[in-house]
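Since the structure comes first, as structure tokens, the remarks are kept for the end.
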Amino acid sequence: MHAQDKVVDPNEVVLWSDDYEGHDVISTRTFGFWMYVLSDGMLFATLFAAYGVLSYSHSYYTGPTPAQFVAPWYTFIQTMALFLSVLAYGFAMTALKSGSKAGVVNGIIASILLGGVFLGLNIHDVLRMISIGVTPETSGGLSAFYALTQVHAAHIFIGLIWMLVMLYQIMRQGFTEDTVGRLISLRMFWQFQAVMWVFIYIFVYLWGYMS
Amino acid sequence: MSHGHSDPIHHPEVQMATNRNYITGFVVSSLLMLAATILVDGHILPSFGLLLAIIGCAGIAIIAQVYFLLHIDISEHNIWNTVALVMFIPLFIITIGLTWWMFSQLYMRTMPMIPGMPGMH
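The listed protein sequences derive, respectively, from chains A and B.
Under the numbering used here, the first residue of the first sequence is numbered 507, with each subsequent residue one higher.
Under the numbering used here, the first residue of the second sequence is numbered 11, with each subsequent residue one higher.
Printed below as a string of structure tokens:
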């Protein structure tokens, strides 16, 4: 009788080992969070598709087009604030390598401040556009413009809250497997917002401004 | 991929962070955004050339950020993240490209020209 012919007894069979050496919580969570980040990318892809089909000149009807209300240098300063925020978070992650709590906390605080600058500039820009009559309900093109840019801004807002939560958890719990895993997930989330911003800045702001 | 249970700080996911990579990614993408802004603000190139130039800036900046910041490479630890991204790229292209193509064809074939309304491009 061959081994594979034996009937498996469900009461005795061992399906997995509790202390399997390769069990790696941080790697598993990081990969899982990367899956989330990519599906978040699909969310942005649908909004880019909507903007793409609603950015023809007839989409704005007779209302304002991005060429009339986009300020390239203002938005460039926003870009720099976001990139510097991502850089500061990178410095926090490098400080984590040596377990330096002060380095991580300082990096995250700098990242929060610069992310706050980005969000503040965005809110100021939206208020300026609304004051000159560029509102989401004016035309399909403007609805798509606001949906895409403000969904990104909402991601930044969530990221800032997440950073505040991480500051609290680092203070209270130190660098445990849980907090370190969350810091890595937040790093991917935050860097991904910079990648999305490159698309938005080039294809929505600059392209809109030049056409 | 056995990394032990001892100290999460020693996990390769933590230890692969380097200031040099983060600074390189920052400098490369910032310079490209600066170049794109100068080109567009000054209307230095003809329209189509300008479009190609800023698409190039965006493409290189994104590759730099994905490689230097997000650590998407073919090292043993990151290969599955890279594979997942490669699998997602066709979905991004189909979602954006096919939708845009469909609607551009639809507009071209169905939209009547209304007097007083801005034309199709």
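Glycine included, each C-beta is placed from N, C-alpha and C at the ideal position.
Residue burial classification, residue i (beta-carbon count within 10 angstroms, cutoff 16)
i, result
"Val24(B)", "buried"
"Val519(A)", "exposed"
"Pro18(B)", "buried"
"Pro516(A)", "exposed"
"Val93(B)", "exposed"
"Ile84(B)", "exposed"
"Met11(B)", "For Met11(B), the predicted structure reports a pLDDT of 42, less than 50, and the residue's modelled location is therefore unreliable. A value from the coordinates is still provided. Burial call: exposed."
"His53(B)", "exposed"
"Thr47(B)", "buried"
"Gly647(A)", "buried"
"Gly613(A)", "buried"
"Ile532(A)", "buried"
"Val710(A)", "buried"
Check whether residue i and residue j have beta carbons under 8 Å apart
i, j, result
"Leu666(A)", "Ile708(A)", "no"
"Ser39(B)", "Ala63(B)", "no"
"Tyr595(A)", "Trp668(A)", "no"
"Leu593(A)", "Tyr117(B)", "no"
"Val576(A)", "Gly714(A)", "yes"
"Val50(B)", "Met586(A)", "no"
"Ile82(B)", "Asn91(B)", "yes"
"Pro578(A)", "Phe651(A)", "no"
"Ile676(A)", "Lys607(A)", "yes"
"Phe705(A)", "Asp546(A)", "no"
"Arg693(A)", "Met635(A)", "no"
"Tyr542(A)", "Leu654(A)", "no"
"Gly605(A)", "Ile662(A)", "no"
"Tyr566(A)", "Ser645(A)", "yes"
"Met97(B)", "His564(A)", "no"
Residue of the options minimising C-alpha distance to residue i
i, options, result
"His21(B)", "Tyr715(A), Asp684(A), Leu712(A) and Phe705(A)", "Asp684(A)"
"Ile690(A)", "Tyr715(A), Trp540(A), Ala577(A) and Ser591(A)", "Trp540(A)"
"Leu79(B)", "Arg688(A), Phe589(A), Tyr566(A) and Glu643(A)", "Phe589(A)"
"Pro570(A)", "Thr641(A), Val671(A) and Arg688(A)", "Thr641(A)"
"Phe113(B)", "Val704(A), Ala555(A), Gly647(A) and Thr581(A)", "Ala555(A)"
"Gln115(B)", "Phe681(A), Gln699(A) and Tyr562(A)", "Tyr562(A)"
"Leu627(A)", "Thr655(A), Gln656(A) and Thr581(A)", "Thr581(A)"
"Leu101(B)", "Leu654(A), Asp530(A), Met672(A) and Leu544(A)", "Leu544(A)"
"Leu549(A)", "Val37(B), Ile106(B), Thr34(B) and Thr28(B)", "Ile106(B)"
"Gly69(B)", "Val710(A), Val701(A), Leu712(A) and Ile636(A)", "Val701(A)"
"Gly35(B)", "Met121(B), Glu86(B), Ser85(B) and Tyr77(B)", "Tyr77(B)"
"Arg535(A)", "Trp703(A), Leu712(A) and Val686(A)", "Val686(A)"
"Thr552(A)", "Trp110(B), Met121(B) and Ala27(B)", "Trp110(B)"
"Leu670(A)", "Val657(A), Ser565(A) and Arg688(A)", "Arg688(A)"
"Ala27(B)", "Ser637(A), His661(A), Gly680(A) and Lys603(A)", "Lys603(A)"
"Met43(B)", "Ala71(B), Met97(B) and Pro56(B)", "Ala71(B)"
"Val657(A)", "Ile532(A), Asp530(A) and Leu625(A)", "Leu625(A)"
"Val610(A)", "Gly538(A), Ile583(A), Phe681(A) and Glu643(A)", "Phe681(A)"
"Ile615(A)", "Leu673(A), Tyr711(A), Ser533(A) and Arg678(A)", "Leu673(A)"
"Asn138(B)", "Tyr711(A), Gly538(A) and Thr568(A)", "The question about residue 138(B) has no answer, for chain B in this structure spans 11 to 131."
"Val632(A)", "Gln584(A), Val513(A) and Asp530(A)", "Gln584(A)"
"Ala659(A)", "Gln574(A), Leu712(A), Gly639(A) and His630(A)", "His630(A)"
Under 8 Å from the C-beta of residue i: neighbouring residues of chain B
i, result
"Gln699(A)", "Here the premise fails: no neighbours, minimum Cβ distance about 11 Å."
"Met548(A)", "Phe98, Leu101, Phe102 and Thr105"
"Met694(A)", "Leu80"
"Leu602(A)", "Ile19, Val24 and Ala27"
Contact set between residue i and chain B, taken where Cβ atoms lie within less than 9 Å
i, result
"Trp579(A)", "Thr47 and Asp51"
"Thr644(A)", "Here the premise fails: no neighbours, minimum Cβ distance about 14 Å."
"Lys607(A)", "Within chain B, no residue comes near Lys607(A); the closest Cβ sits about 11 Å away, beyond 9 Å."
"Met599(A)", "Val24, Ala27 and Tyr32"
"Ala650(A)", "What Ala650(A) touches in chain B: nothing, since even the nearest Cβ is about 12 Å away."
Under 7 Å by beta carbon: chain B residues contacting residue i
i, result
"Leu627(A)", "The contacting residues do not exist; Leu627(A) stays about 15 Å from chain B at best."
"Ala653(A)", "Those do not exist, as Ala653(A) stays about 15 Å from chain B at its closest Cβ, beyond 7 Å."
"Met586(A)", "Ser40"
"Ala551(A)", "Phe102, Thr105 and Ile106"
8 Å Cβ cutoff, residue i in contact with chain C
i, result
"Phe58(B)", "The question asks about chain C, but that chain is absent: this structure's protein chains are A and B."
Chain A residues whose Cβ lies nearer than 7 Å to that of residue i
i, result
"Ile72(B)", "Val701 and Val704"
"Val76(B)", "Val701"
Interface partners of residue i on chain A, CB under 9 Å
i, result
"Tyr117(B)", "Val559, Tyr562 and His564"
Next on the checklist: What ranges does the beta strand (DSSP E) occupy inside the stretch 663-689 of chain A, keeping only unbroken runs of at least 3 residues that lie completely in it?
Outcome noted: none
Next on the checklist: Please give the ranges of any alpha helix (DSSP H) in the stretch 564-620 of chain A, keeping only runs that are unbroken, at least 4 residues long and fully inside the region.
Outcome noted: 572-575 and 578-603
Checklist entry - Along the chain, which unbroken stretches of the alpha helix (DSSP H) at least 4 residues long are found entirely within the stretch 48-121 of chain B? => result 57-74, 89-103 and 109-120
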